[in-house]
C-alpha cells in the first residue's frame, strides 16, 4: 500500500470496519458492523510492522500471541468476549492495512469510570454492585490459572445493560498449568494500581493472585472516592508512606470510608501479600455478604449521580426546556430511532440514563464531550488557541498540535448515527487537536475532535469530543471539566438547563 493511499481494511468474519472509536500506541479500535445481520462488534487493529528507525519501539509479537490465546479461552459474563482474530501480512495482494486484527464484543456502555466524577466517586451500593461483578470475573480468570496483572479503571467496560466487562489481557501471565503453580517475575502494570511486592529486587518472584487482589482494592477505593490513593505504592509516595503507618486514615478522603467498607479495603490493600484477602475471604467478608440493594433500573442514576450533581451532564448531554428545543430533539430522535432498535428496553433505559444515548438520539460512548455555538471552523480555531495558550502556559509539559480534519475522518466513541456518526450534520470543517498533559507524576494523552453537529439545532453548531488515548480516565475527565468551564470559552460552550 502506498504511503499516500487511504487505509484499506478487510472484512473480519463478515464484519466491515467502520469508525475509529479508540486506540493508542500501536493499535486502533474500530466499530465493526456485520454486513448481513448488522450486528456490532469492536475490532482492534495492531500494527505489527513498525519501523524500528522511527524510535517508537516495536510490538512484542510473543506477548500478543499470548494475549490472543488467553483471551479467547476466557468465556464469562464479566469478561469482554473474544470473537476472532486474523493476521494480515504486509505483502498481502489486496493491499489491506497489515497487522493483527482482533474482533471483540463491543462494550457499547463505554468505560465504567467515564461516568464517575473525580474526587466524588459513586454511592457505596453501586460500588458493591460492580465490585461483586469484578470479583466474579477475576475468580474465573484465576481458576484458569491466569493472572490479569493490569486491573484498573481503563480496563473495566460496560455492556449495554450496565454489566461490567473486564478487558485487555496484554499483561496477563499463566501462573498455574497442569496442577503446578509458579511465581511470577515480570514488572508490569500502571503504577497507581500495581501491588507493592512488584517493587522487590529483580530476581525475586511474587505470587500471582495477590497482585490482582491488590488491583481490585485500588479499583474499589477509586469507585468509592473518585481518585486513586497514591501515585505508586513505594517509599517515594508520601501518601503510601502515611498509609503504611496508618496516619493516612485520619485524612480525607479516607475519613469518608467507614465500617465494613473500610475494613475490606484494608484487607484488599494489605501490604504483606501473604496476609492479603483471598477470593474466598472476599466473598465471605461482611461487606460482600450483604448484597447491593440497587435494582437494575436504578443503575444509570446511581452511576451518574456524581456527574449530575457536579453539573457535568449539563454540558455532556444538554437538555433544554423550551418547547422549540424539545420539539427539535423529539423530531431528530425519531429520525435516528433505527440506530438503537437493537437495544432492548432494559439496555435502552441504561444507555439513555448514562448519556450514551443523548437527548437528541445520538449514540455515543464517550461523555467527555460538549457543544459549541459556533460553526466548526470557528470553534476549531478558538478551541485550538485556548488549548495552545492557556492550558499549555499553565503546565510546561502540555503540547497541543492542531491539524484540520480530512473529509470522512473517523468519529471516536460514536456508533452509526445520522449524518456520519454521533451528531455529525451537514457542512464540513473543524479539526483535530492533539494533547499531552502532565497529571501528577503521570500524564494523559488524547485528541480533541471538532465536528459539525445538528444534534441541538439544524445548523451553526459544533460537537467537541475529547478522546483519551493514554493515562487516567479520571485525570482526563478533570481536564475536560476545566475546559468546558474556562472563562475564555463561556460565550461559546453550550450548557443545558438544570
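Numbering (UniProt numbering), first residue to last: 1 to 498. Built from N, CA and C at the ideal position, the CB exists for glycine as well. Computed from a predicted structure; not experimentally measured.
In the structure shown, the three-state DSSP call for residue 466 is strand. Annotated three-state conformation of residue 312 is coil, per DSSP. Residue 429 is positioned such that its CB atom lies closer than 8 Å to that of residue 380. By a beta-carbon distance limit of 8 Å, residue 173 contacts residue 149. Their separation comes to about 6 Å.
By the Cβ-count criterion, residue 155 is buried, with 16 or more other Cβ atoms from all chains shown falling within 10 Å of its own Cβ. About 3 Å separates the beta carbon of residue 205 from that of residue 183, a gap short enough to meet the 8 Å contact definition.
Looking only at 112, 43, 27, the smallest Cα-Cα distance to residue 16 is reached by 43.
When secondary structure is reduced to three states using DSSP, residue 292 falls in the coil class, being assigned neither helix nor strand. Within 10 angstroms of the beta-carbon of residue 318 lie 16 or more other beta-carbons, which makes it buried.
Taking C-beta separations shorter than 8 Å and ignoring five residues to either side along the sequence, the partners of residue 374 in its chain run 382, 460, 461, 462, 492, following chain order. Distance from the CA atom of residue 366 to the CA atom of residue 178, rounded to whole angstroms, is 42 Å. According to DSSP, residue pairing for residue 111 in a beta bridge involves 157.
The Cβ atoms of residue 247 and residue 296 lie no closer than 8 Å to each other. A direct Cα-to-Cα measurement between residue 200 and residue 170 gives close to 22 Å. Spatial neighbours of residue 185 in its own chain (CB-CB distance under 7 Å, excluding positions within 5 residues in sequence) are listed in chain order as 205. DSSP places residue 281 inside the alpha helix (DSSP H), whose first and last residues are 279-283. Within the same chain, and ignoring the five residues on either side of residue 257 in sequence, the residues whose Cβ sits closer than 8 Å to its Cβ are 221, 224, 225, 265. Boundaries of the beta strand (DSSP E) harbouring residue 370: 369-372, taken from the DSSP string. For the 8 Å CB-CB criterion, residue 101 and residue 12 form a contact. The Cβ-Cβ distance between residue 80 and residue 165 falls below 8 Å. Scanning its chain for C-beta atoms nearer than 6 Å, with the 5 sequence neighbours on each side dropped, one finds around residue 240 the residues 230, 233, in chain order.
Secondary structure note for residue 138: its alpha helix (DSSP H) is the uninterrupted segment 124-143. Between residue 88 and residue 77, the C-beta spacing is not below 8 Å. Under DSSP, the beta-bridge partners assigned to residue 82 are 104. For residue 389, there is no enclosing alpha helix (DSSP H), since its DSSP letter is neither H nor E. DSSP, read as helix, strand or coil, puts residue 207 in coil.
When only Cα atoms are considered, residue 469 and residue 190 end up about 15 Å apart. Taking the C-beta atoms as reference points, residue 464 is found nearer than 8 Å to residue 448. Annotated as proximal: residue 158 and residue 110, with beta-carbon spacing under 8 Å. The beta carbon of residue 286 is closer than 7 Å to those of 260 in its chain, skipping five residues each way along the sequence. Around the beta carbon of residue 249, fewer than 16 other beta carbons lie within 10 angstroms, which makes this residue exposed. The beta carbons of residue 486 and residue 386 sit closer together than 8 Å. Residue range 27-34 is occupied by the beta strand (DSSP E) that includes residue 31.
Rounded to the nearest whole angstrom, the C-alpha separation of residue 74 and residue 65 is 15 Å. Straight-line measurement puts the Cα of residue 168 at about 26 Å from the Cα of residue 35.
Residue range 442-453 is occupied by the beta strand (DSSP E) that includes residue 442.
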